[in-house]
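Here the structure comes first, spelled out in structure tokens, and everything after it is commentary.
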Amino acid sequence: MLKLSRRNWNNILIFVVLILMFSLYDWSGSKTTAVTEPIQLVPEHAQLLSVSVGNQRLVKAAGQWQLQPVGHASVNAQQMASAWQYSILQPVVLQAQQSWVPVAQASVQLVGELMPQIWLLYPAPAEQSSAATQQQYLLQQVGQPQLYQLSAAQARLLFLVE
Numbered sequence: 004m005l006k007l008s009r010r011n012w013n014n015i016l017i018f019v020v021l022i023l024m025f026s027l028y029d030w031s032g033s034k035t036t037a038v039t040e041p042i043q044l045v046p047e048h049a050q051l052l053s054v055s056v057g058n059q060r061l062v063k064a065a066g067q068w069q070l071q072p073v074g075h076a077s078v079n080a081q082q083m084a085s086a087w088q089y090s091i092l093q094p095v096v097l098q099a100q101q102s103w104v105p106v107a108q109a110s111v112q113l114v115g116e117l118m119p120q121i122w123l124l125y126p127a128p129a130e131q132s133s134a135a136t137q138q139q140y141l142l143q144q145v146g147q148p149q150l151y152q153l154s155a156a157q158a159r160l161l162f163l164v165e
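This is the structure we're talking about:
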């Protein structure tokens, strides 16, 4: 056994703790990295209460999803509700520009949440969507820097974009 003074043992203990802290610290977390894994639009544990897009409102009344006011025949209310509840979003490595103007906005109210989630829909820049494919869109939650890619079909279901 080593014969060290109490002060020397304290110094050794301090160095061991520092080495342990540095070895356990996640250095990759100090960089600003974007999310690379897909996420679900409405979290799995959350329950959708209503969605407002422009002058249309998706609500559940008498056990059925309904679009109010009635008249947007190109989208079925049940399909729209399913799209909001089960859509998987693919993240893109791109920063939103201040000059971008959203083409649509949705206010999503979840059960038990006081504040709604606000989602903005942007047309994808020319380098993101080629002329050979359909128009692509980018989706961003207000207050979050991450952008997600949406196809024209998803944008039509979620935001009633024609």
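Per the numbering used here, the sequence shown starts with residue 4, numbered consecutively. Glycine residues also receive a C-beta, built at the ideal position from the N, C-alpha and C atoms.
Strand pairing of residue 60, partner residues [DSSP]
Residue numbering aside, residue 60 sits at position 57 when the sequence shown is read from its first letter. Looking at the DSSP output, residue 60 bridges to 55, 71.
Assigned secondary structure, residue 107 (DSSP; H/G/I helix, E/B strand, else coil)
Residue mapping note: residue 107 aligns to position 104 of the sequence shown, counting from 1. Residue state for residue 107 is assigned as strand, using DSSP reduced to three classes.
DSSP three-state label for residue 20, please.
Here residue 20 refers to the residue found at position 17 of the sequence shown. DSSP places residue 20 in helix when its eight states are reduced to three.
Residues bridged to residue 125 by DSSP?
In the sequence shown, counting from the first residue as 1, residue 125 sits at position 122. DSSP lists 141 as the beta-bridge partner residues of residue 125.
Tell me whether residue 100 sits in a helix, a strand or coil according to DSSP, three-state version.
Looking up residue 100 in the sequence shown gives position 97. The answer is coil: DSSP assigns residue 100 none of H, G, I, E or B.
Could you tell me the alpha carbon to alpha carbon distance between residue 53 and residue 109, rounded to whole angstroms?
If you number the sequence shown from 1, residue 53 lands on position 50. If you number the sequence shown from 1, residue 109 lands on position 106. Cα to Cα, the separation comes out at about 10 angstroms.
Look at the alpha carbon of residue 43 and the alpha carbon of residue 161, and state the distance between them as a whole number of angstroms.
For the purposes of this step, residue 43 is taken as the residue at position 40 of the sequence shown. For the purposes of this step, residue 161 is taken as the residue at position 158 of the sequence shown. If you draw a straight line from the Cα of residue 43 to the Cα of residue 161, it is about 13 angstroms long.
Sufficient close CB pairs (3 or more, under 8 angstroms) joining the stretch 66-85 to the stretch 141-150
Taking a cut-off of 8 angstroms on C-beta distances, the stretch 66-85 does not touch the stretch 141-150, as fewer than three cross pairs fall below it.
Beta-carbon spacing of residue 56, residue 107 below 8 angstroms:
On the sequence shown, residue 56 is found 53 positions in, with the first residue counted as 1. On the sequence shown, residue 107 is found 104 positions in, with the first residue counted as 1. Going by C-beta atoms, residue 56 is nearer than 8 angstroms to residue 107.
Out of 140, 6, 91, 121, state which residue places its alpha-carbon closest to the alpha-carbon of residue 103.
Here the question's residue 103 lines up with position 100 in the sequence shown. For residue 103, the nearest C-alpha among the options comes from 140.
Buried or exposed by the 16-neighbour rule on C-beta atoms within 10 Å, applied to residue 95:
The residue labelled residue 95 in the question sits at position 92 within the sequence shown. With 16 or more Cβ atoms within 10 Å of its Cβ, residue 95 is classed as buried.
With DSSP as the reference, identify every bridge partner of residue 15, one or two as the case may be.
Locating residue 15 in the sequence shown gives position 12, counting from the first residue. Note: residue 15 sits in no beta bridge, so no partner.
From 100, 90, 115, pick the residue whose C-alpha is nearest to that of residue 128; which is it?
Reading the sequence shown from its first residue, position 125 is the one you call residue 128. Considering only alpha carbons, the answer is 100.
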